[in-house]
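Asker: To start, I am sharing the structure in question, which I have written as structure tokens.
2 protein chains.
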Amino acid sequence: MAEPTTREQIVAAADRLFYERGFEKTSFADIAGEVKISRGNFYHHFKSKDEILSAVIEVRASKTEAMLEKWEKQRDTPGGQLRCFAEMLIRNRNDIQAFGCPVGALCAELSKLDHPAQADAGMIFTLFRQWLRQRFVELGAVEDADSLAMHLLARSQGIASLANAFRDEKFIRHEVRLIEAWLDEVRSRGATKAGTGE
Amino acid sequence: MAEPTTREQIVAAADRLFYERGFEKTSFADIAGEVKISRGNFYHHFKSKDEILSAVIEVRASKTEAMLEKWEKQRDTPGGQLRCFAEMLIRNRNDIQAFGCPVGALCAELSKLDHPAQADAGMIFTLFRQWLRQRFVELGAVEDADSLAMHLLARSQGIASLANAFRDEKFIRHEVRLIEAWLDEVRSRGATKAGTGE
DNA sequence: GTCTATACTGAGATAGAC
DNA sequence: GTCTATCTCAGTATAGAC
Chain W
1 MAEPTTREQI VAAADRLFYE RGFEKTSFAD IAGEVKISRG NFYHHFKSKD
51 EILSAVIEVR ASKTEAMLEK WEKQRDTPGG QLRCFAEMLI RNRNDIQAFG
101 CPVGALCAEL SKLDHPAQAD AGMIFTLFRQ WLRQRFVELG AVEDADSLAM
151 HLLARSQGIA SLANAFRDEK FIRHEVRLIE AWLDEVRSRG ATKAGTGE
Chain G
199 MAEPTTREQI VAAADRLFYE RGFEKTSFAD IAGEVKISRG NFYHHFKSKD
249 EILSAVIEVR ASKTEAMLEK WEKQRDTPGG QLRCFAEMLI RNRNDIQAFG
299 CPVGALCAEL SKLDHPAQAD AGMIFTLFRQ WLRQRFVELG AVEDADSLAM
349 HLLARSQGIA SLANAFRDEK FIRHEVRLIE AWLDEVRSRG ATKAGTGE
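For the protein sequence lines, the chains are W and G, in the order given.
For what it's worth, my numbering labels the leading residue of the first sequence as 1, then goes sequentially.
For what it's worth, my numbering labels the leading residue of the second sequence as 199, then goes sequentially.
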């Protein structure tokens, strides 16, 4: 696996372009131009644009799973692992300010297009949701775990949305601090239902 | 002002279609079809798609200002007025699940297109931001008011994003309850800096 | 035979002439 | 208000290069 195959290059280029410009706005010519192959050529690799989209979603899902596993290895407490998630917003702050969240943006676009792949794109959200839920279970919030996971996911989406609209890095850092304080609060409350308002 | 002018009809149709399908995905023919006028007649009112976009953004800004004023009249406490904002998510739950937040979606799309009107679209966020900030000032959180406004705006964006991805009405209702509990907390803390993590 | 490149078709869009 | 020019794009057919 010294150098990537043409197929891998196409998927990588499409992945980035779909993020930067959006799925609809990215043409075959754009991708071909990036990979430096002729436009007709990659009909050998992909029969349609939807096939490229499927491949991109698959790759994103794999990368997401790998990232979640890495976080589990990097920190040995559920609280620390949840912080990895929150800090992702800071690590990716430049891309987020320029292009928003890749998962949220793709889901929103496919939803408006009523595209058949919207369920597949939504699965990436579900990967995060289930992983977060498991961390909250380990943190002791067994009954609320799913609500807490959705809450944290929503907070991160909101931050990405406004950071993109206002191009405000300070806002990202401030909100991540708020999330970390909230996580401390959830942890300290342990298995009680507090923190979810119920 | 018994019946709307052709121009107003065009803008109203474009407004809805931009929300439901997105700006790029909406063609002149789509709008003309809705208004039932010929495409030629169209050019009498708008020379380009960007002109329609400007008109739509202007109308949305006006409607937003009117809505904010209405909330100020409906409730006589800043806490009650802030609840109007949060409850907007429940009032518009069906549209939000189907199409997301109109403000956030347009800003995100124009950002990806690097469209000249993205600053104008962002102004609608700013309208909300400034209005929310003023409510928090009146609530006693003078120094934090802008951070609190951004925080609330972000929460609402995140809720819209996930409600759209998961088509989950219960989630919306639960998160709005969390916001209301958070607002009570902010109010009870009054002018202190608590609640923002600083 | 796998990969790549060129040329072409048809659909649908903006834009504008008449 | 019809009709047309032009452009971009997805998709195809087919032939050449390694």
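Heads up, the beta-carbon is just placed ideally off N, CA and C, and yes, glycines get one too.
1) Taking Cβ-Cβ distances shorter than 8 Å, what residues in chain W pair up with Leu287 of chain G?
2) Checking 9 Å against the spacing of the C-beta atoms, do Ala315 of chain G and Leu251 of chain G come in under that value?
3) Measuring CA to CA, which of G:Lys268, G:Ala361, G:Arg327 is closest to Ile370 of chain G?
4) List, from N- to C-terminal side, the alpha helix (DSSP H) runs of 4 residues or more that fit wholly inside the region 16 to 95 of chain W.
5) Considering just the uninterrupted stretch of the alpha helix (DSSP H) at Glu143 of chain W, what are its terminal residues?
6) So with Cβ pairs under 9 Å, would you call Asn164 of chain W a contact of chain G?
7) Return helix, strand or coil for Arg387 of chain G, following the three-state DSSP convention.
8) Of all the CB atoms in chain G, is at least one closer than 9 Å to the CB of Lys112 of chain W?
9) For the alpha helix (DSSP H) that Ala315 of chain G lies in, which residues bound it at each end?
10) Of all the options G:Ala259, G:Ser246, G:Glu222, G:Leu330, which has the alpha carbon lying nearest to the alpha carbon of Leu381 of chain G?
11) Between Leu153 of chain W and Phe128 of chain W, which are expected to be in contact by the criterion C-beta below 8 Å, what is the C-beta distance as a whole number of angstroms?
12) Straight-line CA distance for Gln130 of chain W to Gly158 of chain W?
13) Pull out every residue of the region 144 to 155 of chain W whose Cβ sits closer than 8 Å to any Cβ of chain G, in chain order.
14) Check Thr204 of chain G in the structure and name its three-state DSSP category.
15) Using a Cβ-Cβ distance cut-off of 9 Å, determine whether Leu178 of chain W contacts chain G.
16) At the 9 Å Cβ level, is Phe323 of chain G part of the contact set with chain W, yes or no?
17) The region 216 to 243 of chain G: which residues have C-beta closer than 8 Å to a C-beta of chain W, in chain order?
18) Below 6 Å CB to CB, which residues in the same chain sit around Glu263 of chain G once its five sequence neighbours on both sides are set aside?
19) Going by the beta-carbon positions, is the gap between Leu346 of chain G and Pro276 of chain G smaller than 9 Å?
20) Can you round the beta-carbon distance between Glu20 of chain W and His349 of chain G to whole angstroms, since I take them to be within the 8 Å contact cut?
21) Do Ala141 of chain W and Arg189 of chain W count as a contact pair if the criterion is CB distance below 9 Å?
22) Drop a sphere of 10 angstroms on the beta-carbon of Gln97 of chain W, count the other beta-carbons inside from all chains shown, and report buried for 16 or more, exposed for fewer.
23) Would you mind working out which of W:Ala12, W:Leu178, W:Phe85, W:Asp168 sits nearest Glu72 of chain W, comparing C-alpha positions?
24) Is it buried or exposed for Arg291 of chain G, if we count other Cβ within 10 angstroms and need 16 for buried?
25) Check the Cβ-Cβ distances between Gln58 of chain W and every residue of chain G, and say whether any is below 9 Å.
26) Should Lys368 of chain G go down as buried or exposed, given a rule of 16 or more other Cβ atoms within 10 Å for buried?
27) Does the beta carbon of Ala303 of chain G sit closer than 9 Å to a beta carbon anywhere in chain W?
28) Give the interface partners of Ala14 of chain W over in chain G, defined as CB-CB distance under 7 Å, in chain order.
29) Please confirm whether His115 of chain W has its beta-carbon closer than 9 Å to some beta-carbon of chain G.
30) Let's test the definition: count the other Cβ atoms within 10 Å of the Cβ of Ala2 of chain W and tell me whether it reaches 16, buried, or not, exposed.
31) I want to verify the contact list: residues of chain G whose CB lies under 8 Å from the CB of Ile159 of chain W, in sequence order.
32) Contact check, Phe28 of chain W vs Lys49 of chain W under 8 Å by CB: the rounded distance?
33) Just to confirm, is the Cβ distance from Thr6 of chain W to Ile37 of chain W under 9 Å?
34) Looking at the structure shown, is Cys305 of chain G part of a helix, part of a strand, or coil, going by DSSP?
Answerer: Answer, in terms of the structure:
1) Taking the second sequence and counting its residues from 1, one reaches residue 287 of chain G at position 89. Taking a Cβ-Cβ threshold of 8 Å, none of the residues of chain W is close to Leu287 of chain G; the smallest such distance is about 11 Å.
2) Your numbering for residue 315 of chain G matches position 117 in the second sequence. Your numbering for residue 251 of chain G matches position 53 in the second sequence. Yes, the pair counts as a contact, with Cβ atoms nearer than the cut-off.
3) Looking up residue 370 of chain G in the second sequence gives position 172. If we check each option's Cα against that of Ile370 of chain G, G:Ala361 comes out closest.
4) 28 to 35, 49 to 74, 78 to 91
5) Position 143 of the first sequence holds residue 143 of chain W. Note, Glu143 of chain W: premise wrong, no alpha helix (DSSP H); not H, not E.
6) Start at 1 with the first residue of the first sequence, and residue 164 of chain W comes out as number 164. For Asn164 of chain W, the answer is yes, since a Cβ of chain G falls inside 9 Å of its Cβ.
7) Position 189 of the second sequence, counted from the start, is the residue given in the question as residue 387 of chain G. Arg387 of chain G falls in the helix class under three-state DSSP.
8) Numbered from its first residue, the first sequence carries residue 112 of chain W at position 112. So yes, Lys112 of chain W belongs to the interface.
9) On the second sequence, residue 315 of chain G is found 117 positions in, with the first residue counted as 1. Where Ala315 of chain G is concerned, there is no enclosing alpha helix (DSSP H), given that its DSSP letter is neither H nor E.
10) For this step, residue 381 of chain G is matched to residue 183 along the second sequence. With distances taken between Cα atoms, Leu381 of chain G lies closest to G:Leu330.
11) By one-based count along the first sequence, residue 153 of chain W stands at place 153. By one-based count along the first sequence, residue 128 of chain W stands at place 128. Confirmed, about 6 Å.
12) Taking the first sequence and counting its residues from 1, one reaches residue 130 of chain W at position 130. Taking the first sequence and counting its residues from 1, one reaches residue 158 of chain W at position 158. If you take the alpha carbons of Gln130 of chain W and Gly158 of chain W, they lie about 19 Å apart.
13) Within the region 144 to 155 of chain W, the residues whose Cβ lies closer than 8 Å to any Cβ of chain G are, in chain order, Ser147, Met150, His151, Leu153, Ala154, Arg155.
14) For the purposes of this step, residue 204 of chain G is taken as residue 6 along the second sequence, with counting starting at 1. Helix.
15) Start at 1 with the first residue of the first sequence, and residue 178 of chain W comes out as number 178. Yes, Leu178 of chain W counts as interfacial toward chain G.
16) Sequence index remark: in the second sequence, residue 323 of chain G carries index 125 (1-based). With 9 Å as the cut-off, Phe323 of chain G counts as an interface residue toward chain W.
17) Glu218, Arg219, Gly220, Glu222, Lys223
18) Here residue 263 of chain G is taken as the residue at index 65 of the second sequence, counted from 1. Answer for Glu263 of chain G: no residue qualifies.
19) Along the second sequence, one-based indexing puts residue 346 of chain G at 148. Along the second sequence, one-based indexing puts residue 276 of chain G at 78. No, these two residues do not count as a Cβ contact at 9 Å.
20) In the first sequence, residue 20 of chain W corresponds to position 20, counting from 1. In the second sequence, residue 349 of chain G corresponds to position 151, counting from 1. So it is not a contact: roughly 28 Å between Cβ atoms.
21) Indexing the first sequence from 1 puts residue 189 of chain W at position 189. Indexing the first sequence from 1 puts residue 141 of chain W at position 141. Yes, the pair counts as a contact, with Cβ atoms nearer than the cut-off.
22) By one-based count along the first sequence, residue 97 of chain W stands at place 97. So Gln97 of chain W counts as buried.
23) To locate residue 72 of chain W, count along the first sequence from 1; it is residue 72. When each option's Cα is compared against that of Glu72 of chain W, the closest is W:Phe85.
24) Sequence index remark: in the second sequence, residue 291 of chain G carries index 93 (1-based). Arg291 of chain G is buried by the Cβ-count criterion.
25) Along the first sequence, read from residue 1 onward, the residue named residue 58 of chain W stands at position 58. Reading off the sequence shown, one finds Glu at residue 58 of chain W, where the question assumed Gln. Taking Cβ atoms only, chain G never reaches closer than 9 Å to Glu58 of chain W, which makes this a no.
26) The residue given as residue 368 of chain G occupies position 170 in the second sequence. Exposed is the call here.
27) On the second sequence, position 105 is the one that residue 303 of chain G refers to. Cβ-Cβ to chain W under 9 Å: yes for Ala303 of chain G.
28) For the purposes of this step, residue 14 of chain W is identified with residue 14 of the first sequence, where counting begins at 1. Result: empty, since nearest Cβ-Cβ is about 15 Å, beyond 7 Å.
29) Locating residue 115 of chain W in the first sequence gives position 115, counting from the first residue. At a cut-off of 9 Å between C-beta atoms, His115 of chain W does not count as an interface residue with respect to chain G.
30) Walking along the first sequence from the start, residue 2 of chain W turns up at place 2. The predicted position of Ala2 of chain W is uncertain, since its pLDDT is 47 and thus under 50; a value taken from the coordinates is nonetheless stated next. Answer is exposed; the Cβ neighbour count stays below 16.
31) As a position in the first sequence, residue 159 of chain W is number 159, starting the count at 1. Going along chain G in sequence order, the residues near Ile159 of chain W (Cβ under 8 Å) are Ala352, Gly356.
32) The sequence position of residue 28 of chain W within the first sequence is 28, counting from 1. The sequence position of residue 49 of chain W within the first sequence is 49, counting from 1. With a Cβ gap of about 7 Å, Phe28 of chain W and Lys49 of chain W count as contacting.
33) What you label residue 6 of chain W is simply residue 6 of the first sequence in a count that begins at 1. What you label residue 37 of chain W is simply residue 37 of the first sequence in a count that begins at 1. Against a cut-off of 9 Å, the Cβ pair of Ile37 of chain W and Thr6 of chain W comes out as a contact.
34) For the purposes of this step, residue 305 of chain G is taken as residue 107 along the second sequence, with counting starting at 1. Reduced to three states, the DSSP call for Cys305 of chain G is helix.
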